[in-house]
Amino acid sequence: MGIVNVTPDSFSDGGEYATVDSAVAHALKLVDEGADILDIGGESTRPGAEVVTVEEELDRVVPVIAALSSQTDIPISIDTTKAEVARQSIEAGASIVNDISGLQFDPEMIPLCATHPDVGVICMHIQGTPQTMQDDPHYEDVVRDIGEYFEKRLTLFTQAGIAPERVVFDPGIGFGKTAGHNLEILKGVPTLQKLGRPVLIGHSRKRFIGKLLGREVDERLWGTVGISIGLAQLGVDLLRVHDVRATVDSLQAWKAISD
Numbered sequence: 388m389g390i391v392n393v394t395p396d397s398f399s400d401g402g403e404y405a406t407v408d409s410a411v412a413h414a415l416k417l418v419d420e421g422a423d424i425l426d427i428g429g430e431s432t433r434p435g436a437e438v439v440t441v442e443e444e445l446d447r448v449v450p451v452i453a454a455l456s457s458q459t460d461i462p463i464s465i466d467t468t469k470a471e472v473a474r475q476s477i478e479a480g481a482s483i484v485n486d487i488s489g490l491q492f493d494p495e496m497i498p499l500c501a502t503h504p505d506v507g508v509i510c511m512h513i514q515g516t517p518q519t520m521q522d523d524p525h526y527e528d529v530v531r532d533i534g535e536y537f538e539k540r541l542t543l544f545t546q547a548g549i550a551p552e553r554v555v556f557d558p559g560i561g562f563g564k565t566a567g568h569n570l571e572i573l574k575g576v577p578t579l580q581k582l583g584r585p586v587l588i589g590h591s592r593k594r595f596i597g598k599l600l601g602r603e604v605d606e607r608l609w610g611t612v613g614i615s616i617g618l619a620q621l622g623v624d625l626l627r628v629h630d631v632r633a634t635v636d637s638l639q640a641w642k643a644i645s646d
């Protein structure tokens, strides 16, 4: 999954692709590099990020999704917590809703997804909100606690009419977790997969890699790639990354000596 942030303030690439033309060009480049899915986001969810209005988010993402849906057959994901943004993005061509709140922040998100049976749902775990999530993250057992959260969400989704086979789990690396929690989650991917749904990991360029290696955000490519290879060895289902070419090439090289 290739990341396309149509935002001025994302932690890694904020402002680089803030126009429709630049975002579309970048997305098509990611497709050429081997992305299987494009994830389009119009609101930064970095720690402490400010909330944007529905109108502002729509203005950022819908023209990009509409343009991409006419130029590529690659599935398009809309990264949003707002039901109206998801609805208009689906109308523009998105086929996946990627919600960092696990469809919790907007009470209309579950009904919306239930009425679109062909749309996939990525349910992420977050402790708190982007404004508060890093204040004091605490878990009894982070992998077990997240697994229990996913089980409860899946039951709720099923009762609401969202079929389990439409759902992907994302344990939310960096969203209400310490660096230690993040490493425990990465090691625990096989445990989360026992819940019976695909697991997506979004670790790309994140702060825990900087803490682990002593690198600033623009120096975290190789740490990201190293973790991607380790996750592939664990059998992870999906990787959400900024650097598609480096990830694809590294995984192909790893696979060549693993088969």
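In my numbering, each residue carries its 1-based index in the sequence shown increased by 387.
In this text, a Cβ means the ideal position worked out from N, Cα and C, and glycines have one as well.
Pull up the DSSP beta-bridge partners for residue i, would you.
{"i": "residue 409", "result": "Answer is none; residue 409 lacks a bridge partner."}
{"i": "residue 569", "result": "Bridge partners of residue 569: none, in fact."}
{"i": "residue 464", "result": "426 and 483"}
{"i": "residue 391", "result": "427"}
{"i": "residue 509", "result": "485 and 555"}
Can you give me the Cβ contacts of residue i inside the same chain, cut-off strictly under 7 Å, excluding the 5 residues immediately before and after it?
{"i": "residue 360", "result": "Outside the shown range of the chain (388 to 646) lies residue 360, about which nothing can therefore be said."}
{"i": "residue 641", "result": "616 and 619"}
{"i": "residue 410", "result": "391, 393, 404 and 451"}
{"i": "residue 449", "result": "475, 476 and 479"}
{"i": "residue 456", "result": "463, 479 and 480"}
{"i": "residue 526", "result": "532 and 568"}
On the criterion of 16 or more Cβ atoms from any shown chain inside 10 Å, does residue i qualify as buried, or is it exposed?
{"i": "residue 607", "result": "buried"}
{"i": "residue 504", "result": "exposed"}
{"i": "residue 531", "result": "exposed"}
{"i": "residue 604", "result": "exposed"}
{"i": "residue 445", "result": "buried"}
{"i": "residue 643", "result": "exposed"}
Excluding five sequence neighbours on each side, which residues of the same chain lie with their C-beta closer than 6 Å to the C-beta of residue i?
{"i": "residue 461", "result": "418 and 425"}
{"i": "residue 490", "result": "496 and 497"}
{"i": "residue 423", "result": "none"}
Go through its chain and collect everything with a Cβ distance to residue i's Cβ below 8 Å, but skip five positions before and after it.
{"i": "residue 624", "result": "555, 580, 585, 586 and 587"}
Would you say the segment 578-586 touches the segment 550-564, given that touching needs at least three Cβ pairs under 8 Å? yes
Using a Cβ distance threshold of 8 Å, determine whether the segment 544-551 contacts the segment 589-598, with at least three qualifying pairs required. no
Quick test of the definition: if touching needs 3 or more C-beta pairs under 8 Å, does the segment 412-424 touch the segment 569-580? no
Please go through the segment 516-567 and give each complete alpha helix (DSSP H) segment of 4 or more residues, from N-terminal end onward. 529-547
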